[in-house]
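Q:
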Amino acid sequence: MKGIAAGIGVVVLSPLLLAGTAMMMASSSEASTTSSFSGCLTGIDTAEVTKEVTKLLDGASAKDVHIQGLDLPAEQIPNAQTIVATGVSLDVPKKGQIIAIATAMQESRLRNLNSGDRDSLGLFQQRPSQGWGTAQQIRDPVYASERFYKALLKVDGWQQMKVTQAAQAVQKSGYPDAYAQWEDLATALQKAIAATFPNADKDESAKDTTKDKDTKPSAGGCTPDKDGTSFGRIPEGSVPKGYKIPKDADPKARTAIEWAMNQLGTLYQWGGSCTNAHGPDPMGRCDCSSLMQQAYAHADVHLTRTTYTQVNEGKAVSAKNLKPGDLIFSRGTAARPEHVGLYMGKGLVIEAPRTSKPVRITPIKDWEILAVRRVL
C-alpha cells in the first residue's frame, strides 16, 4: 500500500499532470478525452495565429493549418468566429470576446458538443436544467454565445477581473482557475478573427448591428413618390400581398431580387457569408452587405464584401430615379454609410437588418437614403 501511495503522491505532485487533470475534470468530459493538449499555453505568436486563421477562413485545407492548442481547427475556428461575431454584434468589448473564447476552449475545446457533464451541451456546456435554454437553443452557437455574453455583462466589475475570474463568475465551475490556461490563445484568436471583419474594433461597426433606428425620409426630398405604404404592414420575413418584380426590371436585377427573396425569414448574422442562409451554420447566414453580394453573385455580377466598399460600386444615381436592383445606403454618412439594402421596385427594399432580426422587406419610407448606387 505504501508503494501505491508513493506512486499516487508522485502523480499528484507532477505540475504537468496536474494541469492535464484539471482539464480532464472540466465540465465537458467529452472534450477532455479527445484533446491531446495538456499544460498552459504561453508565448503564443499572435502574428502566426493570424496568418493561419486567415488561411483557413480563406478556404485553405485544415491539413495545411497549424495552430498551437487546436487539434481540429476546421471545426474550432468557425465556432470561435461565431463567438467573436456575436460579441461584436452585441457591442461587447474585446476583453469580453476573449473571455468567451477562453471559456469555450475550456468547456468544449471550441466544439459544439452534443453532450457533457450531466445535461451540459454546446460550446459553453450550458445546462437546460439550469435555465440556459432548451437543448436545441443551446446547440445553436449564436444563441449560446448571446446567453454567455448577457450573463457576463451582468457581472459587476467584470472588465476589471482577470479572464479566469470573469469566466468563473458566469460558469461557476468546480475548477475556477482552469480558464486561465487559455487566455493567450483566446487573445490571439480574437485578434486574428476580428481582423477578418470590417472595422470590428470600431464603434460604428457595432452600431450597425445593434441599433435599428426609426429612420425618417431624408430632408433632401430623396424619397421617391412610391414609398411602399400602399402595401400596409409587412410581416417580417414575408412578401407583401400583391408585389411582383416590375416587368421592366433588368434581367440581372430580377435574378438578384428573386435570390434575395428566397432568403426571407433567415436570421441575420453579422459577418455571415450568406452562402447558406437556410443551413445549420450561423456564419452561412446573411448580414446586410453579404446579402447584396450573394444576390448579385447569382446574377453573375461581382460585388465587394462590405457596405463601406459597396458604396463605391457601379455609379451614383439620384434617389428620385430609383430602379429595381439599385443599392440603397443609410445610417452613418453618405461617404461612410453603415447599412445597405436592395431596391425591389414599387417602394420596397429587401434587407438583412440587424442581429435577432430576419431578412425582410420594408417600405422605403422607413429609409433615410444617404446614397444610391446602380451596379448594372
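First residue of the sequence shown? That's -16 in our numbering, and the numbers climb one at a time after it. Glycine included, every Cβ here is placed at the ideal spot set by N, Cα and C.
Under the three-state reduction of DSSP, which class applies to R314: helix, strand or coil?
A: If DSSP states are grouped into helix, strand and coil, R314 belongs with the strands.
Q: When DSSP labels each residue in this structure, what does R237 get in the three-state scheme?
A: In this structure, R237 counts as helix in the three-state DSSP scheme.
Q: Assuming A87 is part of the alpha helix (DSSP H), what are its boundary residues?
A: From DSSP, the alpha helix (DSSP H) with A87 extends over 77 to 91.
Q: So does the region 73 to 91 actually touch the region 160 to 170, counting three or more Cβ pairs closer than 8 Å?
A: With a cut-off of 8 Å, the region 160 to 170 and the region 73 to 91 count as touching, because enough Cβ pairs lie within range.
Q: Measure the alpha-carbon distance for V294 versus R356 and round it to whole angstroms.
A: Approximately 7 Å, taken between the alpha carbons.
Q: Do R94 and E58 have their CB atoms nearer than 8 Å?
A: Cβ distance < 8 Å, so R94 and E58 count as in contact.
Q: How many Å lie between L247 and P341 at the Cα?
A: C-alpha separation (whole angstroms): 7 Å.
Q: Return the CA-CA distance between R130 and L73, expressed in angstroms with no decimal places.
A: Near 11 Å, if we compare the C-alpha coordinates of L73 and R130.
Q: Whether or not the region 343 to 354 and the region 320 to 333 are in contact is what I'm after, with contact meaning three or more pairs of Cβ atoms, one per stretch, closer than 8 Å; do they touch?
A: Verdict: yes, contact present.
Q: Compute the Euclidean distance between the alpha carbons of V222 and D231, then round it to the nearest angstrom.
A: So the two alpha carbons sit approximately 20 Å from each other.
Q: Alpha carbons only, please: which of P336, T289, R314, L274 is nearest the one belonging to G308?
A: G308 has its Cα closest to that of L274, out of P336, T289, R314, L274.
Q: Here's the rule: buried if 16 or more other CB atoms are within 10 angstroms of the residue's CB, otherwise exposed. What is P265?
A: By the neighbour-count rule (16 or more Cβ atoms within 10 Å), P265 is buried.
Q: On the criterion of 16 or more Cβ atoms from any shown chain inside 10 Å, does P218 qualify as buried, or is it exposed?
A: Under this definition P218 is an exposed residue.
Q: Quick test of your reading: A175 and T37, contact by CB under 8 Å. State the CB separation rounded to the nearest angstrom.
A: Their Cβ separation, rounded to whole angstroms, is 7 Å, which keeps A175 and T37 in contact under 8 Å.
Q: Would you identify the three-state DSSP class for M144, choosing helix, strand or coil?
A: Coil at M144, not helix or strand.
Q: What's the C-alpha gap between G324 and I347?
A: The straight-line gap from Cα to Cα measures roughly 10 Å.
Q: Could you give the distance in angstroms between the alpha-carbon of S272 and the alpha-carbon of V284?
A: Looking at the two C-alpha atoms, the distance is approximately 14 Å.
Q: For A85 and V146, I'd like the C-alpha separation in whole angstroms.
A: Going by the C-alpha atoms only, they are around 8 Å apart.
Q: Below 8 Å on the Cβ atoms is my contact criterion, and I expect I82 with A149 to pass it. Report the Cβ-Cβ distance as a whole number of Å.
A: Sure, about 5 Å apart at Cβ, within 8 Å.
Q: May I have a chain-ordered list of the alpha helix (DSSP H) segments no shorter than 4 residues that lie completely inside the region 205 to 285?
A: Those alpha helix (DSSP H) runs which fall completely within the region 205 to 285 and span 4+ residues are 234 to 244, 271 to 280.
Q: Taking DSSP's pairing of strands, which residues face R343 in a bridge?
A: Looking at the DSSP assignment, R343 forms a beta bridge with E334.
Q: When you compare only the Cα positions, how much space is there between M244 and L250?
A: Distance between the alpha carbons of M244 and L250 is about 13 Å.
Q: Would you mind sorting G42 into buried or exposed? The rule is 16 or more other CB atoms within 10 Å of its CB.
A: When all chains shown are included, G42 counts as exposed.
Q: Pick from R268, I228, T212: whose alpha carbon is nearest that of A335?
A: Nearest C-alpha to A335: R268.
Q: Thinking C-alpha only, which one of C257, T290, E296 is nearest Q277?
A: Ranking the options by Cα distance to Q277, first place goes to C257.
Q: Tell me which same chain residues have a C-beta within less than 7 Å of the C-beta of E35, skipping the five on either side of it?
A: Answer for E35: V48, H49, I50, listed in chain order.
Q: How is the beta strand (DSSP E) around E321 delimited, first residue to last?
A: That run of the beta strand (DSSP E) goes 320 to 328.
Q: Please state whether DSSP places L39 in a helix, a strand or coil.
A: Correct three-state label for L39: helix.
Q: Which term fits R101, buried or exposed, when burial requires 16 or more other beta carbons within 10 angstroms of its beta carbon?
A: The residue is exposed, with fewer than 16 neighbouring Cβ atoms inside 10 Å.
Q: Contact defined as beta carbons within less than 8 Å: I believe R122 pairs with G105. What is the distance between those atoms, to the nearest angstrom?
A: The pair is a contact, with the Cβ atoms about 5 Å apart (cut-off 8 Å).
Q: Quick check on the DSSP output: the beta strand (DSSP E) that includes A354 runs from which residue to which?
A: It spans 354 to 357 - the beta strand (DSSP E) in which A354 sits, taken as one unbroken run.
Q: Does the Cβ-Cβ distance between G220 and R337 come in under 8 Å?
A: In this structure, R337 does not lie closer than 8 Å to G220 by Cβ.
Q: Using 10 angstroms around the beta-carbon of D28, count the other beta-carbons present and answer buried if the total reaches 16, otherwise exposed.
A: Label assigned to D28: exposed.
Q: Strictly by DSSP, which residues pair up with K298?
A: Its beta-bridge partners are R357.
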